[in-house]
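S.K.:
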Amino acid sequence: MSGIALYHWEPNANSGKPMLALMEKGVSFDSHYIDMLQFDQHKPGYLAINPQGTIPAMTHSGAWGTRVLTESTAIMEYVNEEFAGPALMPADPRDRWRIRWWMKFMDQWLGPSFSMIGWNVFVGPMVRQRDPAELDAAIERIPLPERRVAWRKAISGQFGEAEMAESRRRVALGIGLLEQELGKRAYVGSDQYSLADINIFNSTYSLPLSQPDLAGKDRTPNIMRWLKRVYQREAVQKTWAMGRTDLAHRYSLIMEGID
Amino acid sequence: MGAVLYHGEPNGASLTVLAALAEAGAETGGEAALGITCRPIDLLAGERHRIPGLSERVALDMGIEGEGPVLVIDGEAMTESVFLAQYIDELAGGAGLQPADSHAHWEMMMWCRQITERLSPAAALLGNLASSQAEIAAIGAADFAGITASIPSDDLRQRWQALHDGTIDAAQVADSEAKVAQAVARCEGQLADGRDWLMGVYSIADIVTFSWLAGMELLRPEAFAAAPKTTAWLARVQARPAVAAALARATVSEPLRAWAPGPEINRWG
Numbered sequence: 002m003s004g005i006a007l008y009h010w011e012p013n014a015n016s017g018k019p020m021l022a023l024m025e026k027g028v029s030f031d032s033h034y035i036d037m038l039q040f041d042q043h044k045p046g047y048l049a050i051n052p053q054g055t056i057p058a059m060t061h062s063g064a065w066g067t068r069v070l071t072e073s074t075a076i077m078e079y080v081n082e083e084f085a086g087p088a089l090m091p092a093d094p095r096d097r098w099r100i101r102w103w104m105k106f107m108d109q110w111l112g113p114s115f116s117m118i119g120w121n122v123f124v125g126p127m128v129r130q131r132d133p134a135e136l137d138a139a140i141e142r143i144p145l146p147e148r149r150v151a152w153r154k155a156i157s158g159q160f161g162e163a164e165m166a167e168s169r170r171r172v173a174l175g176i177g178l179l180e181q182e183l184g185k186r187a188y189v190g191s192d193q194y195s196l197a198d199i200n201i202f203n204s205t206y207s208l209p210l211s212q213p214d215l216a217g218k219d220r221t222p223n224i225m226r227w228l229k230r231v232y233q234r235e236a237v238q239k240t241w242a243m244g245r246t247d248l249a250h251r252y253s254l255i256m257e258g259i260d
Numbered sequence: 003m004g005a006v007l008y009h010g011e012p013n014g015a016s017l018t019v020l021a022a023l024a025e026a027g028a029e030t031g032g033e034a035a036l037g038i039t040c041r042p043i044d045l046l047a048g049e050r051h052r053i054p055g056l057s058e059r060v061a062l063d064m065g066i067e068g069e070g071p072v073l074v075i076d077g078e079a080m081t082e083s084v085f086l087a088q089y090i091d092e093l094a095g096g097a098g099l100q101p102a103d104s105h106a107h108w109e110m111m112m113w114c115r116q117i118t119e120r121l122s123p124a125a126a127l128l129g130n131l132a133s134s135q136a137e138i139a140a141i142g143a144a145d146f147a148g149i150t151a152s153i154p155s156d157d158l159r160q161r162w163q164a165l166h167d168g169t170i171d172a173a174q175v176a177d178s179e180a181k182v183a184q185a186v187a188r189c190e191g192q193l194a195d196g197r198d199w200l201m202g203v204y205s206i207a208d209i210v211t212f213s214w215l216a217g218m219e220l221l222r223p224e225a226f227a228a229a230p231k232t233t234a235w236l237a238r239v240q241a242r243p244a245v246a247a248a249l250a251r252a253t254v255s256e257p258l259r260a261w262a263p264g265p266e267i268n269r270w271g
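Residue numbers (our numbering), protein chains in the order written: chain A, 2 to 260; chain B, 3 to 271.
#1: Below 8 Å, can you find three or more Cβ-Cβ pairs linking the region 76–91 of chain B to the region 15–23 of chain B?
#2: At a CB-CB cut-off below 8 Å, which residues of chain B make contact with K105(A)?
#3: Starting from T211(B), follow the alpha helix (DSSP H) in both directions and report where the run begins and ends.
#4: Helix, strand or coil for S119(A), going by three-state DSSP, please let me know.
#5: Compare the Cα-Cα distances from L7(A) to each of K18(A), N15(A), D31(A), K26(A) and report the closest residue.
#6: Against chain A, does V175(B) count as a neighbour if the rule is that its beta carbon must be under 8 Å from one of theirs?
#7: Rounded to whole angstroms, what's the CA-CA distance from R68(A) to H105(B)? Just pull it up for me.
#8: Of the residues that make up the region 6–17 of chain A, which ones have a beta carbon closer than 9 Å to any beta carbon in chain B?
#9: Is there a C-beta anywhere in chain A that falls below 8 Å from the one on S104(B)?
#10: Do A126(B) and G202(B) count as a contact pair if the criterion is CB distance below 8 Å?
#11: Please name the residue in N121(A), S211(A), S204(A) whose C-alpha comes closest to that of P19(A).
#12: Name the chain B residues whose beta carbon is nearer than 8 Å to that of A75(A)?
#13: What residues in its chain sit with their C-beta under 7 Å from that of A139(A), if we drop five residues either side in the sequence?
#14: Can you have a look at R170(A) and say buried or exposed, based on whether 16 or more other CB atoms are within 10 angstroms of its CB?
#15: Any C-beta of chain A sitting closer than 8 Å to the C-beta of Y8(B)?
#16: Report the rounded CA-to-CA distance for T240(A) versus Q53(A), giving the unit in angstroms.
#17: Between which two residues does the alpha helix (DSSP H) carrying A241(B) extend?
#18: Could you give the C-beta distance for M77(A) and I199(A), rounded to a whole number, given that I count them as a contact under 8 Å?
#19: Do E11(B) and Q109(A) have their beta-carbon atoms positioned less than 8 Å apart in this structure?
#20: Taking the C-alpha atoms as reference points, what is the distance between A24(B) and I75(B)?
#21: Ends of the alpha helix (DSSP H) at D31(A)?
#22: Quick check on the DSSP output: the beta strand (DSSP E) that includes M90(A) runs from which residue to which?
#23: Rounding to the nearest angstrom, what Cα-Cα distance links M127(A) and F202(A) in this structure?
#24: Beta-carbon of E92(B) versus every beta-carbon of chain A: anything under 8 Å?
#25: What's the call for N15(A), buried or exposed, on a 16-neighbour Cβ count within 10 Å?
#26: With a threshold of 16 other CB atoms inside 10 Å of the CB of V231(A), please say whether the residue is buried or exposed.
#27: Tell me whether the beta-carbon of P94(A) lies closer than 8 Å to the beta-carbon of E92(B).
#28: Look up Y8(A) in the DSSP assignment and give the residues it is bridged to.
#29: Does I149(B) have its Cβ less than 8 Å from a Cβ in chain A?
#30: Along the chain, where does the alpha helix (DSSP H) that runs through A185(B) open and close?
#31: What is the DSSP secondary structure of Y252(A), counted as helix, strand or coil?
#32: Nearest by alpha-carbon distance to R115(B): which of G17(A), I50(A), S73(A), G86(A) is it?
#33: Tell me the residue span of the beta strand (DSSP E) that contains T261(A).
#34: Got a sec? Which residues, its chain only, sit under 7 Å from L46(B) by beta carbon, not counting five neighbours each side?
#35: Quick one, which of S191(A), S195(A), R251(A), Q212(A) has its alpha-carbon nearest V122(A)'s?
#36: Taking C-beta to C-beta, are I118(A) and V80(A) nearer than 8 Å?
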């Protein structure tokens, strides 16, 4: 046994990153599905694992006791270094720099804009059907003040127009930059499949459906070719089979439709 | 052609890379052994956006660190100071600036991300208000328009504009002061067991944290009043020969008071 337990939501965005990295390395793990839309991540059982109430989190038990690891990109680097299996970082220092650069660009510049749009059109409307008092209590249990603000905005649909416009601007620009990058190299940042591909794939595979005006076979052929190549990996198929909603199935139909 | 590191005064992001280079250079028999030449530029004159001979510039144009150093190799612009420090360490074949153990390495990367995501924007905002704002505001209209026109990133250009126009409000200042205080408390907690360095062994975490926090000790000494272990640690880092060598590259008398527009405040939790 690997001693790994992963606390995750759907094979998507941040949760999808360590799921896919573990699959690629061939590391078995105990899967604990945390239903974000039921606020499982802010309930006492999970807060005992990760007091910040963010998902995903991973525990690794061994002779040293139990380590708790958070932050999806850093977890992926840990998984890659700790376990045997295919290397998910190239050896060349400049390629490694470029992969880290793209992951930061996604995690801290482009990803937050994807999230804001996704929460505004998907998470907020899904959750706001519930009893307001129950929602209020759920929000009050969120440990990080910034996350409380984000959830309140998502649920009440209070993202400002300027905020949303800025997010849309960044998404359009970011897609364009990714398209250029994938015209230079086979994969993101290098010619080898790496953590950067896992990271960015998990936040972009929905683009043909969610941003059809910005991404598609005519506008972004390099992205589409890369999405299909990553989608066809056995580890992606296994990871997507772990989803409990129909999201992965819907996206798989899109992927199958790419030439 | 060898690599060229374009850098500002040794503070913040530029200090991180210069100190890492000096550490790695000491391990490998001098910076020249790594093939990297240092070239100072005037960040407040917008020189970073006029680096010649670039064929691949996305990391310069869209880097989120703000006016940090740029390493140019074969026409490719490389940015983000933590990753440049890692690059230099790895180029040197492992200069000892990153823990070899994967869990310790995870801790170091987590620490550096917390610092660059939370402390760096706060320190840059307070530092710029104290030092560079007057200089930026004094730039003539035509010259300022030339600088902003050369900045491809809309959000970085807006941070220049906010300093120029003096539109940073009290809430942003208070938020930044709180984040500096949180970073000091975090350091004090990490050093509580009597360790010399943040990760136990000296690493990029010490270099990065020192680079953004040392200037705050000058600007907001009250934030350090109840943090004796942190102030002692700052002094230990500053006494390292490589950090001293990096600081000695300054062209001003107090480089830890020299700032340029930095990273943006996180927009989404």
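All residues carry an ideal CB built from backbone N, CA and C; glycine is no exception.
M.R.: Quick look at the numbers:
#1: In short, these stretches touch, since the Cβ pair count reaches three.
#2: Within chain B, the residues placing a beta-carbon under 8 Å from that of K105(A) are I66, E82, F85, ordered along the chain.
#3: Here the alpha helix (DSSP H) through T211(B) covers 206–221.
#4: With the sequence shown as reference, residue 119(A) is identified as Gly, and Ser is not the correct amino acid for it. Three-state result, G119(A): helix.
#5: The option with the nearest alpha carbon to L7(A) is D31(A).
#6: Judged by the 8 Å Cβ criterion, V175(B) is not in contact with chain A.
#7: About 8 Å.
#8: Hits within the stretch: zero.
#9: Chain A places a beta carbon closer than 8 Å to that of S104(B), counting this residue as a contact.
#10: With respect to the 8 Å criterion, G202(B) and A126(B) are not classified as neighbours on the basis of their beta carbons.
#11: The alpha carbon of P19(A) has as its nearest neighbour, out of N121(A), S211(A), S204(A), the alpha carbon of S204(A).
#12: Contact annotation for A75(A) against chain B: W108, M111, M112, R115 [CB-CB distance below 8 Å, chain order].
#13: Correct list, in chain order: F40, H43.
#14: Burial call: exposed.
#15: It does not; no Cβ of chain A falls within 8 Å.
#16: Their Cα atoms are separated by approximately 25 Å.
#17: In the DSSP assignment, A241(B) falls within the alpha helix (DSSP H) that extends over 230–241.
#18: Rounded, the Cβ-Cβ distance is 6 Å, consistent with contact.
#19: At least 8 Å separates the beta-carbon of Q109(A) from that of E11(B).
#20: Each residue's alpha carbon lies about 18 Å from the other.
#21: Where D31(A) is concerned, there is no enclosing alpha helix (DSSP H), although the beta strand (DSSP E) around it starts and stops at 31–34.
#22: Taken as a continuous stretch (DSSP letters only), M90(A) belongs to no beta strand (DSSP E), as it is neither H nor E.
#23: Rounded to the nearest angstrom, the two C-alpha atoms are 24 Å apart.
#24: Yes - at least one Cβ of chain A is within 8 Å of the one on E92(B).
#25: Looking at its Cβ environment, which holds 16 or more other Cβ atoms inside 10 Å, N15(A) is buried.
#26: V231(A) sits buried, since 16 or more C-beta atoms from the chains shown fall within 10 Å of its C-beta.
#27: In this structure, E92(B) lies closer than 8 Å to P94(A) by Cβ.
#28: Bridge partners of Y8(A): H33(A), A58(A).
#29: Answer no: the Cβ-Cβ gap between I149(B) and chain A never drops below 8 Å.
#30: Counting along the chain, the unbroken alpha helix (DSSP H) around A185(B) starts and ends at 172–192.
#31: Helix at Y252(A).
#32: Looking at the Cα atoms, S73(A) is the closest of the given residues.
#33: Since the first and last residues shown for chain A are 2 and 260, residue 261(A) lies out of range.
#34: Excluding positions up to five away in sequence, the list reads S134, E137, I138, A262.
#35: Ranking the options by Cα distance to V122(A), first place goes to Q212(A).
#36: Contact flag unset, no.
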